[in-house]
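Let me begin by presenting the structure, written as C-alpha cells, before commenting on it.
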Amino acid sequence: MLQPRNILFRLKWVGSRSCSNYVSRMRYLSRMKQDDEVCRTALQSGNIFLYHQLAPLLQRTDIGTYQFPAFPAEDVKGILENLGESNEMLWETILINCTERNKAQFSLDVGSIEQAAVEKLCGGTFTDLRKAFFLLRGPEATLAARGQALLRWHQTNGFCSSTGQPTQRNQSGSQRVCHSSGITYYPKMSPVVIALVSDGKRCLLGRQSTFPRGMYSALAGFCDMGETMEETLCREIAEEVGLEVESIQYSGSQHWPFPQSSLMVACHATVNADNTRIRVDTVELEDARWFSLEEVQELLKIKAPPRNNKGEPPVFWVPPRYAIANRLIQEWANQQQLKS
Ligand SMILES: NC(=O)C1=CN([C@@H]2O[C@H](COP(=O)(O)OP(=O)(O)OC[C@H]3O[C@@H](n4cnc5c(N)ncnc54)[C@H](OP(=O)(O)O)[C@@H]3O)[C@@H](O)[C@H]2O)C=CC1
Ligand SMILES: [Mg+2]
C-alpha cells in the first residue's frame with residue numbers, strides 16, 4: 001500500500017480561549033479533579049445539569065428555542081427535598097467543566113426519581129441526546145454530550161475488571177479506583193478517524209445499512225491497537241471502498257457520544273484521479289458513490305432529516321451540522337468552489 005505522501009496538519013481551532021483567565025480556569029479544574037475537598041467546596045456554589053437515565057433536561061424558551069439549563073446546587077437541593085429525596089444524591093454529581101467566572105459545572109442523573117415529577121418542578125423535558133443535538137446551540141450540545149458521556153462511564157464501570165470488586169469514584173468523577181487491586185480507571189473513549197475522500201473533482205460518501213434512510217456520510221473507522229491515525233485512515237478506506245489514499249490533510253476533531261464515547265479525528269484524503277473505481281465491502285457499507293460539487297451543494301441545503309417515505313426513491317442527505325462529517329463536506333465544497 002502506498003504511504004501518504006503529504007500529511008499536512010493544519011491547526012485551525014484549539015478550543016475557546018478568548019478569555020484571559022483560561023489558564024486559571026484550567027488549573028482550577030485540575031485542582032478539583034485532584035482534591036476531593038476542593039471539589040466538594042466548589043459543588044456548594046456550583047451549577048448542576050440534570051439528566052434522567054442519560055437524557056439531558058432541556059427547557060423551551062419564550063421565543064421557541066431550547067436551552068440546557070444549569071441549576072444552582074442550592075436549587076437542586078430544594079428540588080430533591082421537595083420530592084422527598086435525600087440531599088446525599090448531590091454527592092453523585094460529576095464535574096464536567098467550569099464557567100469563565102470559575103463556577104464549577106456538574107452533571108447529575110436523577111434516573112431513580114419519577115421523571116414527570118422532576119420535569120414539572122424544573123419546567124423542562126428530559127430529551128434524548130440525539131434530539132437534543134438538533135435543538136441546542138453548539139457549546140450547549142457539547143456540554144450535554146460531555147455530561148452524558150461521563151455519567152454513562154460511571155454507570156458502566158462500577159466494578160474492577162481484574163478483581164470483580166466495586167470501584168470507588170473520587171469526588172469530581174475524574175477516576176475510579178479499585179482499592180483491592182490498586183488499579184485506577186479513567187473515563188475512556190475510542191479513537192476514530194473520519195475521512196472525506198476526494199479524487200480532486202468529486203468526493204466519496206457512503207452509507208451503512210443502519211443509517212437513516214437516504215443519509216450518506218464521510219467514511220469512518222475505529223483505530224486498531226498500535227495504529228497511527230494515518231494508518232487507520234488508509235486501512236479503513238482500503239477496507240471499505242478498495243481505494244488507496246495518497247495524501248491526508250487534518251481538519252479537526254470532535255467528541256462523539258454515540259453509541260459510546262469516541263474521539264473523532266477528521267481529515268480530508270485524496271486518491272489518485274486515475275484509480276477511482278469503488279469496490280464496496282458490503283459487510284461494512286450498504287453503498288458508496290462519488291458526488292460532484294453540484295450534488296454536494298444540494299445535499300448541504302437539506303438542514304434536517306427529510307421525509308423519506310418507504311416505496312418512494314430516497315432523498316439523499318448528509319449528517320447535520322453538529323456532526324464533524326458535515327463540516328468536512330462543507331469544507332470540501334468551499335475548497336472546490338474556490339478552485340472553480
Ligand atoms: N460525528 C460524525 O460526523 C460521524 C460519526 N461516526 C461515528 O464513527 C464511529 C465509527 O464508524 P464506523 O464506520 O461504524 O466504524 P468501523 O468502520 O470501524 O466499523 C464499526 C465496527 O468496528 C468494530 N469495532 C472495532 N473497534 C471498535 C470499538 N472501539 N468500538 C466499537 N466498535 C468497534 C465493530 O465490529 P464488530 O461489532 O464486528 O466487533 C463495529 O461494528 C461510529 O461510532 C459512528 O457513530 C460516523 C460517521 C459520522
Ligand atoms: Mg466504517
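Here the sequence shown is numbered in UniProt numbering, starting from 1 and rising by one per residue. From the three backbone atoms N, C-alpha and C, an ideal C-beta is built for every residue, glycine too.
query	result
Please classify residue 126 as buried or exposed, where buried requires at least 16 neighbouring CB atoms within 10 angstroms.	buried
Considering only heavy atoms of ligand 1, does any lie closer than 8 Å to the CB of residue 106?	no
State the DSSP-derived secondary structure class of residue 142, mapped to helix, strand or coil.	helix
Who are the near neighbours of residue 115 in its chain, counting only those whose CB is closer than 7 Å to its CB and skipping five residues on each side?	52, 126
Would you kindly report the start and end of the unbroken beta strand (DSSP E) that includes residue 262?	262-271
For residue 52, which residues does DSSP report across the bridge?	55
Nearest-angstrom Cα distance between residue 327 and residue 142?	15 Å
For residue 237, which three-state DSSP category applies?	helix
Should residue 326 be counted as a contact of ligand 1 given a C-beta to heavy atom distance under 8 Å?	yes
Considering only DSSP beta bridges, list what residue 255 is partnered with.	263
May I have a chain-ordered list of the alpha helix (DSSP H) segments no shorter than 4 residues that lie completely inside the segment 54-86?	73-82
Hey, would you say the C-beta of residue 300 is under 8 Å away from at least one heavy atom of ligand 1?	no
Can you check DSSP and say which residues form a bridge with residue 343?	Shown here, the chain extends from 1 to 340; a query on residue 343 therefore has no answer.
Quick check on residue 38: does DSSP put it in helix, strand or coil?	helix
Between the segment 191-209 and the segment 218-234, can you find at least three pairs of beta-carbon atoms closer than 8 Å?	yes
Counting Cβ pairs, one atom from each stretch, are 3 or more of them under 8 Å apart for the segment 71-88 and the segment 148-165?	no
In this structure, does DSSP put residue 113 in helix, strand or coil?	coil
Confirm the yes/no value for this check: CB of residue 243, any heavy atom of ligand 2, distance under 8 Å.	no
The alpha helix (DSSP H) spanning residue 299 covers which residue range?	293-301
Please check the pair residue 296 and residue 333, which I expect to be a contact at CB under 8 Å, by giving their CB distance rounded to whole angstroms.	5 Å
Is the beta carbon of residue 271 closer than 9 Å to that of residue 233?	no
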